[in-house]
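Taken in sequence, the protein lines are chains S and R. Per the working numbering: the first sequence = residues 200 to 310. Per the working numbering: the second sequence = residues 27 to 141. Glycine is no exception: its CB is placed at the ideal position from the N, C-alpha and C atoms. The structure presented is a predicted model; accordingly, all values stated were derived computationally and were not measured.
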Amino acid sequence: DGGITQSPKYLFRKEGQNVTLSCEQNLNHDAMYWYRQDPGQGLRLIYYSQIVNDFQKGDIAEGYSVSREKKESFPLTVTSAQKNPTAFYLCASNSGANVLTFGAGSRLTVL
Amino acid sequence: AQSVSQHNHHVILSEAASLELGCNYSYGGTVNLFWYVQYPGQHLQLLLKYFSGDPLVKGIKGFEAEFIKSKFSFNLRKPSVQWSDTAEYFCAVVRPNNQGGKLIFGQGTELSVKP
């Protein structure tokens, strides 16, 4: 079945450490997105990529970085510069008709 | 900046009650509108969408939504909820010609249905 796979599902990080969240899709979609979900704040866009080797900042990009070396993969790095990284992170891809398919999410907790 | 507002943060209903969740957006031009649902422990999934045409759209599991352009609204409705409708619901909007297809989401509404 086509879909989006995010890993790990749960991740714990010590303060000052960088962590990378994986997102892989086999839907052959060009555009991919990272959203952050916090209670009462909905989903906020971190970064998005419309095509390989290109990506743009979303509304809350500070403290995060991404790469898009392959169409199938769009990893997100949460750096030590992110002041409040504990959250639920969702990766999505766009069918081209503005309909997003989401992964199951990764929950990051900073200890 | 474009924004989406969902009026209800937490709604509690008994089974068979009717549901209406409010959603308003700020952009005045042409928009695509969506409702997504997140059941406990599951992926966020599309409930229904509006692109053009009939402003009353029907989605999965008996849900429907009405686009009222003059009110910038896209409220979600269901005549009779079930316990299995317990979930978090998100309204989202995107401008059709927006480069990148960046959906803007509302804050979410948590629905709890009592059996």
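Against chain S: residues of the stretch 68 to 90 of chain R by CB proximity under 9 angstroms: GLN68, HIS69, LEU70, GLN71, LEU72, LYS75 and PHE77
- request: Name, please, each residue of chain S whose Cβ falls closer than 8 angstroms to the Cβ of HIS35 of chain R.
  value: GLY239
- request: Return the bridge partner residues of TRP61 of chain R from the DSSP annotation.
  value: R:LEU74 and R:CYS117
- request: Run down chain S in chain order and give the residues with a C-beta less than 9 angstroms from the C-beta of LEU129 of chain R.
  value: TYR232, TYR234, LEU242, LEU244, ALA291, ASN293, ASN297 and LEU299
- request: Below 7 angstroms CB to CB, which residues in the same chain sit around PHE211 of chain S once its five sequence neighbours on both sides are set aside?
  value: THR308 and LEU310
query: Going by DSSP, which residues form a beta bridge with ARG243 of chain S?
result: S:ARG235
query: Any C-beta of chain B sitting closer than 8 angstroms to the C-beta of ASN58 of chain R?
result: In the structure shown, chain B does not exist; the protein chains are S and R.
query: So, is the C-beta of PHE116 of chain R closer than 8 angstroms to a C-beta in chain S?
result: yes
task: Rank R:PRO141, R:TRP61, R:LEU82 and R:ILE86 by C-alpha distance to the C-alpha of ILE94 of chain R and give the top, closest one.
output: R:LEU82
field: CB contact below 8 angstroms: GLN152 of chain R versus chain S
entry: Here chain R comprises residues numbered 27 to 141, so residue 152 of chain R is not present and cannot be evaluated.
query: Listing by chain order, which chain R residues have their CB less than 8 angstroms from the CB of GLN255 of chain S?
result: GLY126
message: Between VAL120 of chain R and chain S, is any beta-carbon pair separated by less than 8 angstroms?
response: yes
field: Expected contact under 8 angstroms - CB spacing of PHE98 of chain R and SER52 of chain R to nearest Å
entry: 7 angstroms
message: Is it buried or exposed, ALA42 of chain R, if we count other Cβ atoms within 10 angstroms and call 16 or more buried?
response: exposed
task: Could you tell me the boundaries of the beta strand (DSSP E) in which LEU299 of chain S lies?
output: 299 to 301
- prompt: Looking at GLY239 of chain S and GLN133 of chain R, is the spacing between their C-beta atoms short of 8 angstroms?
  reply: yes
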